[in-house]
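Read top to bottom, the protein sequences are chains S and X. Using UniProt numbering, read the first sequence as starting at 1 and increasing by one per residue. Using UniProt numbering, read the second sequence as starting at 1 and increasing by one per residue. C-beta atoms are modelled at their ideal positions from N, C-alpha and C, and glycine is treated no differently. Computed from a predicted model, the values in this text were never measured in an experiment. Down below is the structure, laid out as structure tokens.
Number of protein chains: 2
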Amino acid sequence: MSTLDIATAQLDLPAVRSRVDAVLAAFLDGKARAAAVDGHPAVVTEFLRNFLFAGGKRLRPLLCVIGWHAAGGHGMPAPTLQVAASLEMFHAFALVHDDIMDNSATRRGRPTVHRAFADRHRAGRSAAAADRLGGSAAILIGDVALVWSDELLHTAGLRPGRLADVLTVVDAMRTEVMYGQCLDLLATGRPTASTAHALAIVRCKTAKYTVERPLHIGAALAGAGPAFRALLSRYALPLGDAFQLRDDLLGVYGNPAVTGKSRLDDLRDGKHTTLVALALERADRDQRRALHALLGNPDLDESGAGRIRDLLAETGAHAAVERLIQSRCEQAEQALDHEAFPPAALGALRELARGAALRTA
Amino acid sequence: MSTLDIATAQLDLPAVRSRVDAVLAAFLDGKARAAAVDGHPAVVTEFLRNFLFAGGKRLRPLLCVIGWHAAGGHGMPAPTLQVAASLEMFHAFALVHDDIMDNSATRRGRPTVHRAFADRHRAGRSAAAADRLGGSAAILIGDVALVWSDELLHTAGLRPGRLADVLTVVDAMRTEVMYGQCLDLLATGRPTASTAHALAIVRCKTAKYTVERPLHIGAALAGAGPAFRALLSRYALPLGDAFQLRDDLLGVYGNPAVTGKSRLDDLRDGKHTTLVALALERADRDQRRALHALLGNPDLDESGAGRIRDLLAETGAHAAVERLIQSRCEQAEQALDHEAFPPAALGALRELARGAALRTA
Numbered sequence: 001m002s003t004l005d006i007a008t009a010q011l012d013l014p015a016v017r018s019r020v021d022a023v024l025a026a027f028l029d030g031k032a033r034a035a036a037v038d039g040h041p042a043v044v045t046e047f048l049r050n051f052l053f054a055g056g057k058r059l060r061p062l063l064c065v066i067g068w069h070a071a072g073g074h075g076m077p078a079p080t081l082q083v084a085a086s087l088e089m090f091h092a093f094a095l096v097h098d099d100i101m102d103n104s105a106t107r108r109g110r111p112t113v114h115r116a117f118a119d120r121h122r123a124g125r126s127a128a129a130a131d132r133l134g135g136s137a138a139i140l141i142g143d144v145a146l147v148w149s150d151e152l153l154h155t156a157g158l159r160p161g162r163l164a165d166v167l168t169v170v171d172a173m174r175t176e177v178m179y180g181q182c183l184d185l186l187a188t189g190r191p192t193a194s195t196a197h198a199l200a201i202v203r204c205k206t207a208k209y210t211v212e213r214p215l216h217i218g219a220a221l222a223g224a225g226p227a228f229r230a231l232l233s234r235y236a237l238p239l240g241d242a243f244q245l246r247d248d249l250l251g252v253y254g255n256p257a258v259t260g261k262s263r264l265d266d267l268r269d270g271k272h273t274t275l276v277a278l279a280l281e282r283a284d285r286d287q288r289r290a291l292h293a294l295l296g297n298p299d300l301d302e303s304g305a306g307r308i309r310d311l312l313a314e315t316g317a318h319a320a321v322e323r324l325i326q327s328r329c330e331q332a333e334q335a336l337d338h339e340a341f342p343p344a345a346l347g348a349l350r351e352l353a354r355g356a357a358l359r360t361a
Numbered sequence: 001m002s003t004l005d006i007a008t009a010q011l012d013l014p015a016v017r018s019r020v021d022a023v024l025a026a027f028l029d030g031k032a033r034a035a036a037v038d039g040h041p042a043v044v045t046e047f048l049r050n051f052l053f054a055g056g057k058r059l060r061p062l063l064c065v066i067g068w069h070a071a072g073g074h075g076m077p078a079p080t081l082q083v084a085a086s087l088e089m090f091h092a093f094a095l096v097h098d099d100i101m102d103n104s105a106t107r108r109g110r111p112t113v114h115r116a117f118a119d120r121h122r123a124g125r126s127a128a129a130a131d132r133l134g135g136s137a138a139i140l141i142g143d144v145a146l147v148w149s150d151e152l153l154h155t156a157g158l159r160p161g162r163l164a165d166v167l168t169v170v171d172a173m174r175t176e177v178m179y180g181q182c183l184d185l186l187a188t189g190r191p192t193a194s195t196a197h198a199l200a201i202v203r204c205k206t207a208k209y210t211v212e213r214p215l216h217i218g219a220a221l222a223g224a225g226p227a228f229r230a231l232l233s234r235y236a237l238p239l240g241d242a243f244q245l246r247d248d249l250l251g252v253y254g255n256p257a258v259t260g261k262s263r264l265d266d267l268r269d270g271k272h273t274t275l276v277a278l279a280l281e282r283a284d285r286d287q288r289r290a291l292h293a294l295l296g297n298p299d300l301d302e303s304g305a306g307r308i309r310d311l312l313a314e315t316g317a318h319a320a321v322e323r324l325i326q327s328r329c330e331q332a333e334q335a336l337d338h339e340a341f342p343p344a345a346l347g348a349l350r351e352l353a354r355g356a357a358l359r360t361a
């Protein structure tokens, strides 16, 4: 229980992270042992372990534990930690599949799962055959992460009624994030000046999935109902927007050595981000023509990306997104002023709100 | 309850099928309505509905209901039907992803999901971009089916202790089939003479997933424990082997107008089936060289496939697989002679055993 068993203390977020990691490591160790006994390939647990422990902010597990404290839970009981860990396993599924869909080469500073798997199996295969094998294996490894995120939930040791409440929120979260990904996919490659559409994707794909639902799940673990969850949403949704808007900026301006991912992928894919929508909305005819010619070009190089960055500055889109992030974070912090969450939860929620605005990775 | 409420009657399998389909249709209708309200894309429910109702034997839901009757369940209560339906939704996930991995063009006589999605979005896109979009959308649509198979389970209305028992078997099934797919994937493109390895893939990928676990899940719904499930396995595993061995033959010899899928895909992919392993084992040097040259060639045409079929006949591999199917089905039927399953379940189990041996689709 260490630093977390007194609800009035400041929540020790690094301690939560390492406890969640311990649950994930123990789960994967068990799966690796079972695979060895059953003659199943070791490669699945190996790749998942490498992926999970290459990095990651553990934001969803942290928010789950914070939600638990916000709703009056105490300490870090094993069922809460295991549900928190299941959210990270689900996120591994989402990222592995996302990287296939975005054809990303790196994640967390390492080759993505589909790329790493292909690289390992190039000997005796054509480049196309190895790439296809890598993509197929990554689909499967992502599927396994999703299935195992379920198993972590089912075996968390929640009492039955509580499990049913939690599953209701989990089911909602999963459907939302899938639809968000779908909206994103359909808009990719054909960005428009619709900021409203870009923000709707953000809301669905990130704000609810990354911030709101993990808090709700933690609160449901502590027995909170829909009314309490609605209070959390007033903080969570603007903060989640800010989080994705920062991600959009990092996808174009971030330092790959810090973010662990390329800063060309989003531009090459022609992602319909709020940043791009604002630029297209504010652009004059020549600027708009230049943006449409550059965005979504799969062969875009650093010089083309530099030209896009210039246009994002000239149109004021970059600054506008910074202002949006600022105002969303303030909105999130203000929502906290009106609530009587326990001090430990409140402190952590404020800390996260500031971190989301300022983060570099 | 119609024809199924008396446990001693013959089980009306077509009635089970239509009841399961009604559950799936109602669930998807609800999801489509919710998507319309929430501004989510309609395309997900549309594609899943088209996929689910283009055909399919509903074998796993049938076996689930039969398992329920075998373990003393009566009638077709709503929770049993909904769990049965969840297995079909899970299967939709597995097939949609399988078709991406196998790069299959048709399934159930229609374009596969990735192909249909790509075809709909070709306008204004390069062929490569449309194909990539189709693949990404199919990954997502498969993911949604998996997530919704869970939701069907969670909301089936089982009492909590029963749900926990069922989830244990479901979790085991999911892990097994994922590993089976992984074994299959790793062996594809490099078939060997190892019949043992081919049969291990069959056991993991199909026998347990398609026959054993659905029966176990149905039995768990009726409160049966591990000892009873072991009795069912004595029937289920050989029958499941026979089912996949027949599938392997249909993949090479089947009539595409009846099976709804290509009879070149497995050969072009170089699938490591028992049929191929037996042929390589029995081949002389020239035959082996010819098989290795033809199998796994992505451009294989009907004439090359004809040459492979000749080699499968000349080596006696085709006849050997027919004998394996025959003996596995007999083994399954004999297992039934020793058990005191209720007559309705027994009749259905015998019917399925005969059907698995003789089916053409």
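Hey, residue i and residue j: beta-carbon distance below 8 angstroms or not?
i: X/Leu24; j: X/Met89; result: yes
i: S/Val321; j: S/Thr259; result: no
i: S/Gly47; j: S/Val113; result: Per the sequence presented here, residue 47 of chain S reads as Phe, with Gly not at that position. A contact, by the Cβ cut-off of 8 angstroms.
i: X/Ala42; j: X/Ala34; result: no
i: S/Ala293; j: S/Thr315; result: no
i: residue 369 of chain X; j: X/Ile217; result: No answer is possible for residue 369 of chain X: it lies beyond the span of chain X, which begins at 1 and ends at 361.
i: X/Ala198; j: S/Gly39; result: no
i: X/Leu264; j: X/Leu300; result: yes
i: S/Asp241; j: S/Arg203; result: yes
i: X/Val169; j: X/Lys205; result: no
i: X/Ala156; j: X/Pro79; result: yes
i: X/Gly55; j: X/Gly134; result: no
i: X/Arg323; j: X/Val252; result: no
Using the beta-carbon count (16 or more within 10 Å), is residue i buried or exposed?
i: S/Phe53; result: exposed
i: X/Leu352; result: buried
i: X/Gln244; result: buried
i: X/Thr360; result: exposed
i: S/Arg174; result: buried
i: S/Gln326; result: exposed
i: S/Glu151; result: buried
i: S/Asp143; result: buried
i: S/Arg289; result: exposed
i: X/Gln181; result: buried
i: X/Ser104; result: buried
i: S/Leu4; result: Since pLDDT at S/Leu4 reaches only 39, below the 50 mark, its modelled position is unreliable, and the value read off the structure follows with that caveat. Buried, since its Cβ has 16 or more Cβ neighbours within 10 Å.
i: X/Glu302; result: exposed
i: S/Ala344; result: buried
i: S/Ser126; result: exposed
i: X/Asp266; result: buried
i: S/Ala335; result: buried
i: X/Ala219; result: buried
i: S/Asp337; result: exposed
Check whether chain S comes within 8 angstroms of residue i, counting only Cβ atoms and requiring the distance to be less than that.
i: X/Thr175; result: yes
i: X/Gln181; result: yes
i: X/Val83; result: no
i: X/Met89; result: no
i: X/Val44; result: yes
i: X/Ser136; result: yes
i: X/Ala129; result: yes
i: X/Asp171; result: yes
Below 8 angstroms on the Cβ atoms is my guess for residue i versus residue j; work out the distance and round it to an integer in Å.
i: S/Arg354; j: S/Pro238; result: Rounded, the Cβ-Cβ distance is 13 angstroms, inconsistent with contact.
i: residue 363 of chain X; j: X/Pro191; result: With chain X covering 1 to 361 only, the question about residue 363 of chain X has no answer from this structure.
i: X/Phe341; j: X/Ala145; result: About 32 angstroms separates the two Cβ atoms, so there is no contact after all.
Measure from the C-beta of residue i to each C-beta in chain X and report whether the shortest distance is under 8 angstroms.
i: S/His292; result: no
i: S/Val202; result: no
i: S/Ile217; result: no
i: S/Ala20; result: Note on identity: in this sequence residue 20 of chain S is Val, with Ala being the wrong assignment. So no, S/Val20 is outside the interface.
i: S/Leu267; result: no
Output yes if chain A places a C-beta closer than 8 angstroms to the C-beta of residue i; else output no.
i: S/His114; result: Absence of chain A from the displayed structure is noted, the protein chains being S and X.
In chain order, which alpha helix (DSSP H) runs of at least 4 residues are fully inside the region 3–51 of chain X?
13–38
Tell me the start and end of each unbroken alpha helix (DSSP H) in the region 209–247 of chain X that is at least 4 residues and wholly inside, in chain order.
213–221
Enumerated in chain order, which unbroken segments of the beta strand (DSSP E) with a length of 3 residues or greater are wholly contained in the region 286–360 of chain X?
none
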